[in-house]
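Numbered according to mature numbering (1 follows the signal peptide of the UniProt record, and there is no 0), the sequence shown spans residues -26 to -1, 1 to 337. As structure tokens, the structure follows; a few thoughts come after it.
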Amino acid sequence: MSATRPRLAGLLVAAAAGLFAAGAFAQEKAAENQPPTLIPPLPAEGFPLPAETADPALPGPHRQAPPEPSATNGDDGDFAYGAFQRGWYLTALALATPRAEAGDPQAQTLLGVLYETGLGIPQDKEKAASWYQLAVESGDKRAAGRLGQLYLVGQGVPQDKKKAADLFEIGAEVNIPEAIYNLAIIYQSGDGRPYDPIKARDLLERAADLGDVEAQYTLALAYLEGPADVRNDGRGAFWMGRAARRGHIGAQVYYGILRFKGQGVDPNETEAAAWFELAARAGNPVAMNRLARVYFYGRGRPADPVEGAKWHLLARAAGVSDLQLDGILAGLDDDQREEAQRQANAFGQVVATPPRDAASDSP
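This is how it looks when you write it as structure tokens:
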């Protein structure tokens, strides 16, 4: 999905400015924004953190949704969809093709997905667009969202953001979250639709309510980092927690920071450490740096210099420098550094053995 979605860091600032006017916030059950097991909060002072930077992969103006063709009609159609679900792509192709040629819109959408993704057959975005177009004309509104993705990035069809927005409007009619999200960003950018921040806000909140994790993350960032008249730490933490629980790695890092600081949510260093570890094990270097600090300073986890050094080495190898932790690393004995190096290598990344005067190095 991320391979086809440009990551435009500057878009976040534009999306935040003037986008989220104060309004009624849909209240949900208290358990929705609470960890499964509540732990007494720990003090948040005394633990030095680098600049509060979340995952640099900020939400882009569009993204490729995972292939989810709707079930087709009739026995052959059901079998075709079932074969697709089980990974029997050639069988799905064989079953769906005659139905698609006969005008079945869901079978046409399924063929579009197969050609778009190259599952079981050579990838062909032009053929995918053709099948999606036929499916839209035959009445499958879900196909409109996928065809809109192709027009948005100019794959298989000439790039046409107005046409993409038209198609996302069709997908939004049947509450396809990805189409609603993409339409929101188009309205915010004013490219493909007239600039309309209020419309963008409404669409983005609608997509977030429908469970779209990128919309939840974007909302959270806007509430936490937008202009002063927009900021709302409580709402930002709420949506960041929702996105984190849906598996958004950047949200997991940011929500861990919020939990540690007690910003918009009760402070809980133990839970913060758990979020950092979850994202760190997924390969996020910012989370690796946070987890290293957790172990070096004994905040949220028992102090463990070897574990801290391991995560610092991994974070540094991935491009996150931290001179303060370099100094701590330099103060460890040879056995500790060697064990940290061994564990870092075992994690699957190659890092250089730190020199004794690591504090003076430029990571």
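Even glycine gets a Cβ: it sits at the ideal position worked out from N, Cα and C.
By the C-beta density criterion, Y269 is buried, having at least 16 other C-beta atoms within 10 angstroms. Close CB contacts of L64 within its chain, under the 6 Å cut and outside five residues either way in sequence, are with G94 (chain order). Taking 4 residues as the minimum length, the alpha helix (DSSP H) runs contained wholly in the region 149 to 211 are 151 to 163, 171 to 183 and 187 to 199, in order along the chain. When C-beta atoms of the region 310 to 318 are compared with those of the region 267 to 284, three or more pairs fall below 8 Å, so the two segments count as touching. If the five residues before and after E313 are omitted, its C-beta is found closer than 7 Å to the C-beta atoms of V280, all from its own chain and listed in chain order.
For the pair D170 and L85, the Cα-to-Cα distance works out to about 35 Å. Non-local beta-carbon contacts of A57 in its own chain, meaning distances under 6 Å to residues more than five positions away in sequence, involve T65 and A66 in chain order.
A distance below 6 Å between beta-carbons, with the five flanking residues on each side excluded, links G208 to the following residues of its chain, in chain order: G238.
In this structure, DSSP gives H222 a state outside helix and strand, which the three-state scheme calls coil. Under the 10 Å beta carbon count, K115 is surrounded by 16 or more other beta carbons and is classified as buried.
N263 carries a helical assignment under DSSP once its states are collapsed to helix, strand and coil. Cβ neighbours of R275 within its own chain (closer than 7 Å, five residues either side excluded): A247, V268 and Y269. In its chain, beyond the 5 residues on either side, Y89 have a beta carbon closer than 6 Å to the beta carbon of D98.
Inclusion of G119 and G145 in the CB contact set at 8 Å is warranted, their separation being smaller than that value.
Under the three-state reduction of DSSP, N242 is assigned to coil, being neither helix nor strand. Counting every other CB atom within 10 Å of its CB across the protein chains shown gives V294 a total of 16 or more, marking it as buried. Here DSSP, grouped into helix, strand and coil, assigns P79 to helix.
Just measuring C-alpha positions, the residue of P168, I154 and L198 sitting nearest R180 is I154. Excluding five sequence positions before and after P79, the CB atoms of its chain that fall closer than 6 Å to its own CB belong to A109, S112, G113 and D114, given in chain order. Closest in C-alpha terms to Y197, from the list G215, G130 and A261, comes G215. Going by beta carbons, Q190 and R233 fall outside the 8 Å limit.
Sequence-distant partners of T71 (beyond 5 residues in either direction) whose C-beta falls short of 7 Å from its own C-beta, in its chain, are L85. By the CB criterion at 8 Å, K135 and G166 fall inside the cutoff. A distance below 6 Å between beta-carbons, with the five flanking residues on each side excluded, links S104 to no residue of its chain.
The alpha-carbon separation between A102 and A174 amounts to approximately 29 Å. Nearest to Y228 by C-alpha distance, out of F53, A81, I159 and N263, is N263. In the three-state reduction of the DSSP assignment, Q317 falls in the helix class, which pools H, G and I.
For Q133, the closest alpha carbon among the candidates D140, Y125 and A304 is that of Y125.
A direct Cα-Cα distance of roughly 26 Å separates G230 from P151. Our two residues, A158 and R290, have alpha carbons roughly 37 Å apart in a direct line. In this structure, I223 and A256 form a Cβ contact; the two beta carbons are roughly 5 Å apart against a cut-off of 8 Å.
DSSP places P132 outside both helix and strand once states are collapsed to three, so it counts as coil.
Looking from the CA of Q298, the closest CA among Q310, A277, A266 and R311 belongs to A266. Taking C-beta atoms under 8 Å as the contact rule, A217 and V187 qualify, at a distance of about 5 Å. The C-alpha of L303 is placed about 33 Å away from the C-alpha of L195.
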